[in-house]
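Report on the structure given below.
Protein chains: 4
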Amino acid sequence: MTSGGDCPGLNAVIRGAVLGGIKRHGDEFVGFRDGWRGVKEGDFMNLPRGTVRGISKQGGTILGTSRVNPYEGPLGGPEHISKVLKDHKVDALMVIGGEGSLAGANRLAEAGLPIVGVPKTIDNDLNGTDYTFGFDTAVQIGTEAIDRLRTTGESHHRVMVAEVMGRHAGWIALHAGMAAGAHAILIPEVPASADDVVNWVQEAYDRGRGPLVVVAEGFVMGETGEAYSHLGLDEAGRPRLGGIGEVVARIIQERTGIETRCTTLGYIQRGGVPTAYDRVLATRLGMAAAEAAHDGAWGEMVALEGTNIHRVPLSAALHSLKTVPKSRYEEVAVLFG
Amino acid sequence: MTSGGDCPGLNAVIRGAVLGGIKRHGDEFVGFRDGWRGVKEGDFMNLPRGTVRGISKQGGTILGTSRVNPYEGPLGGPEHISKVLKDHKVDALMVIGGEGSLAGANRLAEAGLPIVGVPKTIDNDLNGTDYTFGFDTAVQIGTEAIDRLRTTGESHHRVMVAEVMGRHAGWIALHAGMAAGAHAILIPEVPASADDVVNWVQEAYDRGRGPLVVVAEGFVMGETGEAYSHLGLDEAGRPRLGGIGEVVARIIQERTGIETRCTTLGYIQRGGVPTAYDRVLATRLGMAAAEAAHDGAWGEMVALEGTNIHRVPLSAALHSLKTVPKSRYEEVAVLFG
Amino acid sequence: MTSGGDCPGLNAVIRGAVLGGIKRHGDEFVGFRDGWRGVKEGDFMNLPRGTVRGISKQGGTILGTSRVNPYEGPLGGPEHISKVLKDHKVDALMVIGGEGSLAGANRLAEAGLPIVGVPKTIDNDLNGTDYTFGFDTAVQIGTEAIDRLRTTGESHHRVMVAEVMGRHAGWIALHAGMAAGAHAILIPEVPASADDVVNWVQEAYDRGRGPLVVVAEGFVMGETGEAYSHLGLDEAGRPRLGGIGEVVARIIQERTGIETRCTTLGYIQRGGVPTAYDRVLATRLGMAAAEAAHDGAWGEMVALEGTNIHRVPLSAALHSLKTVPKSRYEEVAVLFG
Amino acid sequence: MTSGGDCPGLNAVIRGAVLGGIKRHGDEFVGFRDGWRGVKEGDFMNLPRGTVRGISKQGGTILGTSRVNPYEGPLGGPEHISKVLKDHKVDALMVIGGEGSLAGANRLAEAGLPIVGVPKTIDNDLNGTDYTFGFDTAVQIGTEAIDRLRTTGESHHRVMVAEVMGRHAGWIALHAGMAAGAHAILIPEVPASADDVVNWVQEAYDRGRGPLVVVAEGFVMGETGEAYSHLGLDEAGRPRLGGIGEVVARIIQERTGIETRCTTLGYIQRGGVPTAYDRVLATRLGMAAAEAAHDGAWGEMVALEGTNIHRVPLSAALHSLKTVPKSRYEEVAVLFG
């Protein structure tokens, strides 16, 4: 089952698991529909080999997804879910999901259910794995979009602001910003003040470029928002309405007098054809998850370490998010301005 | 000079004109900076052959652009501009611009200035030419983005709304929507009511898809906005704040109960590497404009007709915009729902 | 039915025809498999609405294709084919094919069969239509590939030769070469001598670039091949073995002493996701072909003229290929060297 | 200096080093032209900040490259090169190169020269680092091309063979083949017999697909070539003329009777815009190399380990290539057929 927000590579995980399991062990697979909803309701589709043909390059998930919680409602909890699995002769449940889903999976595994996990977050903010699939695609799409913004900024002598995904962690902004040569990158982990931003922008502008600012959606302006209340910043340094990118653009324009435009990349970052990197990573994770199930590695998930796929306890991915360390940000910030 | 909003292909026009003029006639070229501002202030750069090397594939314009009007201010008007051209021994001025710039160019040409035009509008809404460069790139980028939205919509059983460029004409929405297989396309020329939109969306949803709606930024909801005032529609059927795409998304969600998300493509549609189609069209227009100048075709512009580049009076592009004919829209609307 | 070499946009034609026919007229559609083979053998699949869902962006053809001739063999000819159509209650046959298939279609229509045509050639060499679908995608893929070759050529101070499709007509080479800024474009219609090529290449090299040569597969070296027999050219100016691009590269290297490399783009030009331009054109052609069938426009095909789709007799596309006129080539050749 | 074959990301390394060095330490940079040739001849260009503006996304190398050896000829060897560096007040030399260049760099460093290295190989076959920049771009381009081949193969019921780079190591074939869902991947490290290949292909064909075979250029047919001598295989299992992909295609066609076509991707794999992944990796390596120079880490190179950039002795990358382990290949081979 696939759970939570969709992510490029989900179908490659499914294909890797199904092909690997069938060819190595003669397994049979079913796919529960729409995440935990399908598990709870026993709603599934058969997954013979033909159903995973050519799906690695498709975005989204052929199984559908939802944000349903495995513990809520009358059908929630280990007893009912265990019954569903047994009724349908499911020997192992593979949960492809983010922190919430893996937490649920962990609780169910602790309650004795035969569950293995595959970590999924487009934001790359799960611990226990070097990278998660989908992240590379999001960074690539973001970089291509920002490359496009740059030519417009330079032609019009404007500041271009791009808001990218990243509610709690700034990995997408950090990587796409580095790749596109941004003059400022603003992430949730490191508050920057309006003065910082204005300095970076003005410096780049004075060298004759159209400055480029990349902002993660979860960025918080590092000072009381009162000074910019009239531009839509609230007291906590967050936007009162709409996205933080728009507010940052307004502040830059008011402070520097340079025309400033914001583009919010939105959902185009998470859909569509995955990069080759994500397809390879996802396929390997899927194959490894099928092996984990055969080894009865309940309560574990498959993860990337260096160039290897290995297993770690589900708990390794829980409790705290993998955010951008200050040192890593400062390394990049050298390039600003 | 390049004037108005930037557009993929501007640099290919410049290169085509410069290489064509140099190789056929031994011409010398200068480029005025930032549109009419540079013309009025006599601010230009020399354009020897080396400066246009490899620029066809660059977005934006190496000359910079602005929205300055050639008639405004103390440096405006034919007398001063004529003096600038003579002072710098400029025998012909090539104006690459949209309706406003070409109108100014036409007035100046009527006043006796040696001016030829190249039509430019990313929205494809200029009369006198089959297509304008930049449009194909905008449609391509829009289509790729909407392809990405589609997989997310289908995985989450959501309606996805994409807002694309097109303030007065719906060509980008029409073409990108057709290419991406949208279930509804909403354009400025043809008001659709909330009932229409909801029917199209619901029908597509009931057939098991994630419905896809493409909205041009200039779309007007075809009924009094009062009914949806609480969702941000004003009395004229326009958004009170933000973009029309967001408002359409809110109306769909309220009326159908299906989760609906909007992405506004924004500036990524107009920057970056032009498609091959636009590079070829722009190169041909640039070469033809250099010939037009040699023929003293003042007051004319170069244009595409079928597979040929020919000349038409600048006035052919003025007075009214080329909008989507109702018959053309209805042809496409057959595919909706 | 789809016949001959595959071409990006075939599926969009099918979808346009099926959706248009169903929604406007309540038609039913079947698709014959693998071109004329399926027609002759009565081998087809039903095409209800769901089967064409989302296929516009898929390369290839869901119906399969072949190079079978409708007149050959015991199952060939109008009588048997007419019987197949009647047996399966097919009221109209839509032939999507190139010159050979359309010639067969024309003969069958003249024999009284209810046939309409859709012109298909990735080389854009059919008369009777401004452009054919698939051509834009081939040019776009070729241009992107040549853009990539260019950076390698410049870094290594090498000449890069790219061989593109075009057996009889040089349209792809002409457009991709213009778009990528080639220093020489060699096409079947216009013989160039080794001296010409060497001059163009040397001139570009001396200005400090990595020269870029685009060669159509059908190019013929315009002099007796004897002088370059040791490099693989035959007496007719064609390669004795392999492609003409390789031979041109060898000649350039021997004559200029500059390291020269050839890449033959091959099949990557004809497969995969169509451009938005091709999807729109193909969808419009498909819809118009369904209308043509309803109007009983037997023996006609749908075609692009300017911005309109109209109908012309199938014979308009036969008898001679649409090759690159000398004047059009010379216009572009101004940019060489 | 950049040395050896060009590789997407070279310019990002240069930019990372220059910006990092200038902003952290106020360094000055020069770039030697065309690899060791420029070093030996003292031929260089100044690299003030403006020269690296926006170059991360450009393929190739702004410095040019060559395959010149630092030890050959009258200008070779440590004494002369040391003199060049001193004459031009170069305190540290950063060598961005492959195994050959790094071996030269190591020898020079052992002779006392102030040299740091950055590992470069598009084939990903250098030891001492998890991945090298350029590899991801080559895999991505290869995957996109193979995706395109697939639709043609399926429409024509043909076998499509793609030959990709990889003379000694099959990493590109392995990753692009996995990403594109190949039915056979043939690499230099693991000989496969014609029987193996034919079985994999036939099995895929029988399941109704157009089989897809990815071959690295260095693949060796695992049996005496005599049996296929008439198809161009030599006794060592290598092609007598041209590429191994063509020979494999001929063998498949003869043995299975299925039409088979080969496309050799060639130089398009190494040029052009780098992926975001490669730009980020290359930028980080460049910045780290500037730091290494400041720390006097002579004889060391910067490398990727997991998510970190660290330093290893140059010797770690020498002596043996990093080839695909048999276990890794067998893991993937499960998916074949």
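Protein sequence lines correspond, in order, to chains A, B, C and D.
Take the position in the first sequence, starting the count at 1, then add 508; the result is the number in our numbering.
Take the position in the second sequence, starting the count at 1, then add 508; the result is the number in our numbering.
Take the position in the third sequence, starting the count at 1, then add 508; the result is the number in our numbering.
Take the position in the fourth sequence, starting the count at 1, then add 508; the result is the number in our numbering.
Glycine included, every Cβ here is placed at the ideal spot set by N, Cα and C.
Just grab the DSSP bridge partners of residue i for me.
i	result
C:Val672	C:Ala724
B:Arg819	B:Val810
C:Pro872	Here chain C comprises residues numbered 509 to 845, so residue 872 of chain C is not present and cannot be evaluated.
C:Thr510	C:Ile604
C:Ala700	C:Met729
A:Ala712	Answer is none; A:Ala712 lacks a bridge partner.
B:Val667	B:Thr768
With DSSP run on the structure shown, which of helix, strand or coil describes residue i?
i	result
A:Arg717	coil
C:Ile680	helix
D:Val781	coil
C:Pro831	Looking at the sequence itself, residue 831 of chain C is Thr, so the reference to Pro does not match. DSSP places C:Thr831 in coil when its eight states are reduced to three.
B:Met602	strand
D:Ala611	helix
D:Val842	coil
D:Leu826	coil
A:Arg617	Note on identity: in this sequence residue 617 of chain A is Ala, with Arg being the wrong assignment. Helix.
C:Leu634	coil
C:Ala805	coil
D:Ala790	helix
C:Ala690	coil
Is the beta carbon of residue i less than 8 Å from the beta carbon of residue j?
i	j	result
A:Gly674	A:Pro699	no
C:Asp638	C:Leu812	yes
C:Phe844	C:His691	yes
C:Gly780	C:Gly567	yes
D:Leu621	D:Ser590	yes
B:Gln648	C:Ala801	no
D:Ser609	D:Gly550	no
D:Ala520	D:Arg787	yes
D:Gln777	D:Ala646	yes
B:Thr660	B:Ala687	no
D:Leu518	D:Thr559	no
B:Gly642	B:Ile654	no
D:Ala702	D:Arg763	yes
C:Ile623	C:Val840	no
B:Gly753	B:Val723	yes
Review point. Which residues, in order along the segment 772-785 of chain D, keep a beta-carbon less than 9 Å from a beta-carbon of chain C?
Key: Within the segment 772-785 of chain D, the residues whose Cβ lies closer than 9 Å to some Cβ of chain C are Thr772, Leu773, Gly774, Tyr775, Ile776, Gln777, Arg778, Gly779, Gly780 and Val781, listed in chain order.
Review point. When you check each C-beta in the segment 819-833 of chain C against every C-beta of chain B, which residues fall closer than 7 Å?
Key: Listed in sequence order: no entries.
Check your understanding: Going along the segment 524-554 of chain C in order, which residues come within less than 7 Å of chain B, judged by CB to CB distance?
Key -> So the close ones are Leu527, Gly528, Lys531 and Arg532.
Practice item. Entirely within the segment 730-777 of chain A and at least 4 residues each: give me those alpha helix (DSSP H) ranges in chain order. Key: The alpha helix (DSSP H) runs of length 4 or more contained entirely in the segment 730-777 of chain A are, from start to end of the chain, 752-764.
Review point. Hey, which unbroken runs of the beta strand (DSSP E) at 3 residues or more fall wholly within the segment 514-588 of chain B?
Key: Here the runs fully enclosed are 538-540 and 552-554.
Exercise for review: Check distances from the C-beta atoms of the segment 654-686 of chain C to those of chain D and list, in chain order, the residues that come in under 9 Å.
Suggested key: For the segment 654-686 of chain C, the beta-carbon criterion of a distance under 9 Å to any beta-carbon of chain D is satisfied by Ile654, Asp655, Arg656, Leu657, Arg658, Thr659, Thr660, Gly661, Glu662, Ser663, His664, His665, Met668 and Ala670.
Check your understanding: Can you list, in chain order, the residues of the segment 564-582 of chain A whose Cβ is nearer than 8 Å to any Cβ on chain D?
Key -> For the segment 564-582 of chain A, the beta-carbon criterion of a distance under 8 Å to any beta-carbon of chain D is satisfied by Ser564 and Lys565.
**Study point:** Residues of the segment 592-609 of chain C whose Cβ lies closer than 8 Å to any Cβ of chain D, in chain order
**Key:** So nothing in the stretch comes that close.
Review point. Just by C-beta distance, which residues in the segment 631-650 of chain B are closer than 7 Å to chain C?
Key: For the segment 631-650 of chain B, the set of residues with a beta-carbon nearer than 7 Å to any beta-carbon of chain C comprises Asp638, Asp644, Val647 and Gln648, in chain order.
Check your understanding: Of all the residues that make up the segment 749-769 of chain C, which are near chain D by a beta-carbon distance shorter than 8 Å?
Key -> Legend: CB atoms of the segment 749-769 of chain C lying less than 8 Å from CB atoms of chain D belong to residues Gly750 and Arg769.
Review point. For the segment 794-808 of chain D, which residues have a CB atom closer than 8 Å to at least one CB atom of chain A, in sequence order?
Key: Near chain A, meaning a CB-to-CB distance below 8 Å, the residues of the segment 794-808 of chain D are Met795.
Exercise for review: Residues of the segment 510-525 of chain D with a CB closer than 7 Å to any CB of chain C: list them in chain order, please.
Suggested key: Residues Asp514.
Practice item. Please name the residues in the segment 712-734 of chain C whose beta-carbon is closer than 8 Å to at least one beta-carbon of chain B, in chain order. Key: If the cut-off is 8 Å between Cβ atoms, the segment 712-734 of chain C has Arg715 and Arg717 near chain B.
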